[in-house]
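Numbering (UniProt numbering), first residue to last: 1 to 555. We put the beta carbon where it would ideally sit given N, CA and C, even for glycine.
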Amino acid sequence: MFAKFVVKEIVTLPVPAFCKKLAFDLIRSTRLTADSGTSSALEFSQISTSPTLMSALLPSPSSPTSPPTASPSSSSTRRKEINSYFDSPIDNLRFSITERRVPGRSFRHFSFIPTSLALVTSLLILFYISTTSNLFTHHHPNPKAPLQINSSSSSSSSAFSFTILRHKTSSTPFAIEAPLTEDGGGQRIESQRSLGPPLGSDGNHVNNNEVFHDRHIFLEDYKEMKRSFKIYVYPHRQDDSFANALLPVDSEPGGNYASESFFKKVLMKSRFITNDPTKADLFFLPFSIARLRHDPRVGVGGIQDFIRDYIFNVSQKYQYWNRTGGADHFYVACHSIGRSAMEKASEVKFNAIQVVCSSSYFLPGYIPHKDACLPQIWPRKEEPHDLLSSNRTKLAFFAGGINSPVREKLLQVWRNDSEIFAHFGRLTTPYADELLGSKFCLHVKGFEVNTARVADSLYYGCVPVIIANYYDLPFADILNWKSFSVIVATLDIPLLKKILKGISSEEYTRLQSNVLKVRKHFQWHLSPIDYDAFYMVMYELWLRRSFSTVTSSNF
């Protein structure tokens, strides 16, 4: 009788029919336990055969979209139909039939359902990961020229509060090296990989023996860049109070952060400079983070305030920053302090193009494809000989300080190895000799992902091994790093020897041959040479130029 009462009450509830059906299924599965230890055998198969009862339980088929709540009159009618059904002697007998059940049987039935669902879900997740894992690989597409959007802008300019005079530029002709040929000076080698190579930007297969992602596109774009690319530099005078940080250095740059000074010095003498801001593709913010760092009036603690004030003056005295929010502006910095120098000028960090050596896309503030990696290069004048010599007796070489967990791990595993020379501290032999005597040269992350060791290894014909997770490598939009380097995850440091020894002699010959092809791209010259570091940085900027402008009213 209790089952009868429960069914009657459920039928009259103002809830959707599927909810009532779910409640009836639950009652049928669990049974209602009686005081005598038996349970009422509520046979829903019998209920479902009664048209009268089912019409009371479920909404009419002719009105499937009727609301779930019933009016008082309809509820009363359904209650009478249910009562008439249960008042039947035969149907009452069906509800009074009892049977003994094995305790816990229904609960074992229910426990099987979530277990099965969990197993199926786990298998589906594993299948999804195995079929989509290639999507998590970091790629550097070779973007083509963006779609031009015609826009008009006024050309009025106003005086800068502490920088008034336009800077005169010379038109010294460039020293031009022999141009790149379609075969790069070497014959194409067919890929020896068993799996098909990835597709390039034009839909063709990428050959990992080729040092460029797409040589044809690069050569065509390079010509257009040299012909039409223009940059406007905010002018400053020699007698400005911060001329030391805003104008190019007088002497030839040198040292660990020379790339920053080299770029500005060469740019100011190049044909890319325009004195007409209306013809400029990009605007250069000429402050030097490295020199501000050593200026006693600013120092490390005052760089953020200096940058904030500088951007404020630019936006107040010139119209060009405001029309794009700084999206067509860029600055260059090689010291790691540059990563935090923009904290009080967030519009620079998020809108402007940052050309920096510390190009880790794991840390906030660096946005790949908007920003660009500046190669950290220690300028060297001597030209090494016999770069293809077989007198490379060491398998791998590293020298540097222990200033990161990655280097500590390298020291822990390989310090006393006879084939991998991991030296921490001052060398007793010339650094150049160690590079010339090693097949592979290790670039290991220190304080930052970047060091000058990549350019050093290329300069001395040593195949670089990159052990620096999240490093957005220099010129990665242009160069195919797999063709001339080995990239090893930091977790694989214990497997380093196995990885390097697994490279066949033919594969190593190909890698080193490509090293000699790309080393020209990692060298600075006061009079720039085609395809050297200066032109490669300019090409990276050219890829990031914008043709659209936004009025200040949009900000």
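With a cut-off of 8 Å on the beta carbons, I'd call residue i and residue j a contact; round off their distance for me.
i, j, result
"Arg392", "Ser438", "6 Å"
"Leu442", "Val406", "Actually they are not in contact, since the Cβ atoms of Leu442 and Val406 sit about 11 Å apart, beyond 8 Å."
"Ser360", "Tyr431", "So it is not a contact: roughly 25 Å between Cβ atoms."
"Glu347", "Gly325", "6 Å"
"Val298", "Phe306", "5 Å"
"Ile377", "Ala489", "Wrong, their Cβ atoms sit about 25 Å apart, outside the cutoff."
"Val249", "Lys223", "Between Lys223 and Val249 the Cβ distance is about 31 Å, and since that is not below 8 Å, they are no contact."
"Asn209", "Arg510", "6 Å"
"Leu387", "Leu246", "In fact, because the Cβ distance is near 40 Å, the residues do not count as touching under 8 Å."
"residue 556", "Ala455", "No information on residue 556 is available, as it lies outside the stretch 1 to 555 that the chain covers here."
"Phe229", "Phe272", "6 Å"
"Gly446", "Ser505", "Their Cβ separation, rounded to whole angstroms, is 32 Å, which puts Gly446 and Ser505 out of contact at 8 Å."
Under DSSP, the alpha helix (DSSP H) around residue i begins and ends at which residues?
i, result
"Ser228", "215-228"
"Pro405", "405-414"
"Ile289", "289-294"
"Ala243", "243-246"
"Val449", "Element bounds for Val449: n/a, residue is neither H nor E."
"Val266", "258-267"
Spatial neighbours of residue i within its chain, please: C-beta separation below 7 Å, excluding the five flanking residues on both sides.
i, result
"Ile402", "Glu408, Leu411, Phe424"
"Pro368", "Tyr361, Asp472"
"Val518", "Val211, Leu458, Leu479, Phe484"
"Val300", "Arg293, Ile337"
"Glu343", "Gln304"
"Tyr320", "Pro277, Phe283"
According to DSSP, simplified to helix, strand and coil, what is residue i?
i, result
"Gln319", "coil"
"Leu516", "helix"
"Ile478", "coil"
"Lys370", "coil"
"Gln354", "strand"
"Phe330", "strand"
"His335", "coil"
"Val314", "helix"
"Tyr459", "helix"
"Glu540", "helix"
"Leu282", "strand"
"residue 556", "Summary: the structure shown does not reach residue 556, with the chain confined to residues 1 through 555, and so no result is reported for it."
"Ser122", "helix"
"residue 557", "What is shown of the chain runs 1 to 555, which leaves residue 557 out entirely."
"Phe522", "helix"
"Phe272", "coil"
"Phe112", "helix"
"Gly502", "coil"
"Ala41", "For Ala41, the predicted model reports a pLDDT of 41, less than 50, meaning its position is unreliable; a value from the coordinates is still stated below. Looking at Ala41 - three-state DSSP - the assignment turns out to be coil, as it is neither helix nor strand."
"Ser360", "strand"
"Tyr471", "strand"
"Ile307", "helix"
"Ile529", "strand"
Are the CB atoms of residue i and residue j nearer to each other than 9 Å?
i, j, result
"Ala468", "Asn480", "no"
"Met536", "Phe484", "no"
"Thr274", "Ile231", "yes"
"Ala327", "Cys357", "no"
"Asp492", "Ile503", "no"
"residue 560", "Pro286", "It is not possible to answer for residue 560, since the shown part of the chain is limited to 1 through 555."
"Asp281", "Arg545", "yes"
"Asp295", "Phe242", "yes"
"Leu363", "Arg339", "yes"
What first and last residue would you give for the beta strand (DSSP E) that runs through residue i?
i, result
"His443", "438-444"
"Ala396", "394-399"
"Phe421", "420-423"
"Ile231", "231-233"
Once you ignore the five residues that flank residue i on each side, which residues in its own chain have a CB closer than 6 Å to its CB?
i, result
"Glu540", "Ala372"
"Ala290", "Tyr257, Glu260, His335"
"Met538", "none"
"Leu436", "Tyr460"
"Glu434", "Phe397"
"Gln512", "Val463"
"Phe262", "Pro253, Trp524"
"Tyr331", "Leu285"
I'd like to confirm something about residue i: is its beta-carbon nearer than 8 Å to some heavy atom of the ligand MG, or not?
i, result
"Tyr366", "As for the ligand MG, it is missing from this structure, which has no ligand bound."
Less than 9 Å between CB atoms is the rule here; does residue i satisfy it with respect to chain C?
i, result
"His443", "The structure shown has no chain C; it contains just one protein chain."
Taking 8 Å as the limit between beta carbons, can you name the residues of its chain near residue i, skipping five residues before and five after?
i, result
"Glu419", "Lys394, Leu395, Ala396, Lys497"
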